[in-house]
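Novice: Take any residue in the sequence shown, count from 1 to its spot, add 9: that is its number in my numbering. We put the CB at the ideal spot given by N, CA and C, even for glycine. As the structure is a prediction and not an experimental result, all values here were calculated from the model.
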Amino acid sequence: MNLVGISINHKTAPIELREALHLSQDEIIDLIPKLKKDLFEDGFILSTCNRTEIFGTSKKSLLHHKELEEFIIRHKPVKGIQPEHFTKYFSCAAVKHIFSVASGIDSLIIGDSQILGQLKDAFQKSKDMHFSGSIIKRVFDSAIRVGKRAIKETLIGEGAVTVSYAAVQVVEKVYSNLDKKSALVI
């Protein structure tokens, strides 16, 4: 049984497509039983402001990534989405990608500290819906360890680790002292 997955993220698609393809918690709850029925033994869905990813262990001996793309497009039709907007992962490459996401390496802002929590939430949702088998559990446990070690043992978490923090740093460079300034972000 192999781990397969697709990802649409800040590297592969413009913000308009990523926002349109974002899945709410209710949509994820709706999609997991369909994934279980049609494609996967177990798996998870991670959907944030910068990425939507579906990973799982296939029910078939060979699951073509096109089936995953068609599945997500069928359940979340988005005008303008193309196959090249998806990155496809299989086996070890899938695990490596999940580790890169967990450690913040594959984030819009390198070292993003929020993604580890979002990944934990995705796993918890998978677990709550009885969609996390032994393979997914082992991958997640390892990914969480990798993410924590990256934050603790490297400098990846130094500096701006969220988009909002990076924006404040840019504004501080322009205005130098923000102590008596107010801002409204729209």
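What residue does the alpha helix (DSSP H) around Glu93 start on, and which one ends it?
Specialist: Premise fails: Glu93 is in no alpha helix (DSSP H) and is neither H nor E.
Novice: Is the beta carbon of Leu30 less than 8 Å from the beta carbon of Val87?
Specialist: Result yes, Cβ atoms of Leu30 and Val87 sit closer than 8 Å.
Novice: Where in the region 15-103 do unbroken runs of the beta strand (DSSP E), each at least 3 residues long, occur, reported from the N-terminal end onward?
Specialist: Counting whole runs of 3 or more residues, the region 15-103 contains the beta strand (DSSP E) stretches 49-56, 60-67 and 96-99.
Novice: Take Ile17 as the anchor and find which of Arg83, Glu78 and Gln123 has the nearest alpha-carbon.
Specialist: That would be Glu78, whose Cα lies nearest to the Cα of Ile17.
Novice: For a test of the three-state rule: what should DSSP assign to Leu12, helix, strand or coil?
Specialist: Of the three classes helix, strand and coil, the one that applies to Leu12 here is strand, per DSSP.
Novice: Do the region 121-132 and the region 150-159 make contact, defined as three or more Cβ pairs closer than 8 Å?
Specialist: Taking 8 Å as the limit for Cβ pairs, the verdict is that the region 150-159 does touch the region 121-132.
Novice: Between the region 155-164 and the region 98-114, are three or more C-beta pairs nearer than 8 Å?
Specialist: The answer is yes - the region 98-114 touches the region 155-164, with three or more Cβ pairs under 8 Å.
Novice: What's the C-alpha gap between Gln123 and Ser56?
Specialist: Spanning the two alpha carbons is a distance of roughly 13 Å.
Novice: Could you have a look at Gln127 and say whether DSSP puts it in helix, strand or coil?
Specialist: Of the three classes helix, strand and coil, the one that applies to Gln127 here is helix, per DSSP.
Novice: For Arg83, which option in Lys43, Ser185, Thr96 and Val148 has the closest C-alpha, if you only look at C-alpha atoms?
Specialist: When each option's Cα is compared against that of Arg83, the closest is Lys43.
Novice: If distances are taken between C-alpha atoms only, which option among His74, Phe108, Ile107 and Lys105 comes closest to Phe95?
Specialist: Of the candidates His74, Phe108, Ile107 and Lys105, the one whose C-alpha sits nearest the C-alpha of Phe95 is His74.
Novice: Quick check: the Cα distance between Arg27 and Lys85, rounded to an integer number of angstroms?
Specialist: Cα to Cα, Arg27 sits roughly 12 Å from Lys85.
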